[in-house]
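One structure is given below, encoded as structure tokens.
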Amino acid sequence: MRLGVLDVGSNTVHLLVVDAHHGAHPWAAHSEKVVLRLAEQIGPDGALTRAGADGLVEAVGAARASATALAADDLLAFATSAVREATNAAEVLTRVREETGVRLEVLSGADEARATFLAVRRWFGWSAGRLLAMDIGGGSLELAAGIDEDPEVAVSLPLGAGRLSRDRLHVDPSGLTPPTAEAVEELREYVDAQLDPVVEKLAGVGWERPVATSKTFRTLARLAGAAPSSAGLWARRSLTRPGVRQVLGFVRHIPPGKLSGLEGVSAGRAHQLLAGAVVAEAVLRRFDVPAVDICPWALREGVILRRLDQLEPM
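Residues are numbered in the numbering used here as their position in the sequence shown, beginning at 1, plus a constant of 12.
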């Protein structure tokens, strides 16, 4: 079947269309995304702004048109933390449904962590043993650990790179002055405090292979010397704790408006890089992880795999 997956994340609205069947590797046929930064379009009252809602409706409508043009048999559409936590989420979801015909399923943070864990498990296989999966998104950090395809522990924390850039570092995306050393230290202390309740819980599960997914970790790995995207999907990539510290050490001194000049750093997420590096360093340090493998599959692939598991074998 041809399956479309629409991921309304905290940074982007991303449509991925894949060709696959039960038990098969899903192969991407089409990918398109729009950068909306919904996590940064939450007003003081906690509601998604009118401009943010307008952009979301337009992006979802365009994605549905693309999926239809590409003859997708099904369209799975879901939203994560930015929409989930907006005080006007019900109103926004109703508007999206009425104006585009797309019904967005809002995933809980734990469900995000579970779906991502499934993708990581399928990518590395059973020989990886117990896994620790970590994913820094725009609005939240997902952590999961376990031996099966469904993790024993799955948690979500409000430690997304976009959220922290806005709320804690007060970053201007085009700014010419980096955050102060005091602001970065305060952020590090805040991240540590948020991690405190979950460190022991996850350590109690244990793991043989720590894995990181998604754009923030991939970018940090690239800056630390991992293979570029041009090396292909199958190239092995990793990120070490010293590598994270090295990246954090130099990006904290670069103005947000100039970070996109670094190789592998996208313009739409450049200003979030410092906050993402602070979170990554804290996670690897608090869980005493010397290095993580980078998995090219994440939440979208996990959602696809779950859907394919529901199909009858051919």
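Virtual Cβ for every residue (Gly too), placed ideally from N, Cα, C. Source: prediction; values computed, not measured.
Item: Range of the contiguous beta strand (DSSP E) that encloses L143; Value: L143 to I148
Item: Contiguous beta strand (DSSP E) assignments of at least 3 residues, all confined to the region 270-325; Value: 303-307
Item: C-beta atoms of L235 and G276 nearer than 8 Å; Value: yes
Item: As assigned by DSSP and simplified to three states, the class of P56; Value: coil
Item: Length-filtered (4 minimum) alpha helix (DSSP H) runs lying within the region 95-136; Value: 101-112 and 121-136
Item: Beta carbon of L285 nearer than 8 Å to that of T231; Value: yes
Item: F90 beta carbon less than 8 Å from that of I148; Value: no
Item: Coarse secondary structure for G158, derived from DSSP in three states; Value: strand
Item: Rounded C-alpha distance that separates I54 from A243; Value: 37 Å
Item: Per DSSP, cross-strand counterpart(s) of W39; Value: D31
Item: Unbroken alpha helix (DSSP H) run spanning D204, endpoints; Value: A193 to V217
Item: Three-state secondary structure (DSSP) of R221; Value: strand
Item: Backbone secondary structure at R14 - three-state DSSP; Value: strand
Item: Proximity to G150 [Cα-Cα], best of V72, P240 and R96; Value: R96
Item: Which listed residue (D321, A238 and D57) has its alpha carbon closest to that of N100; Value: D57
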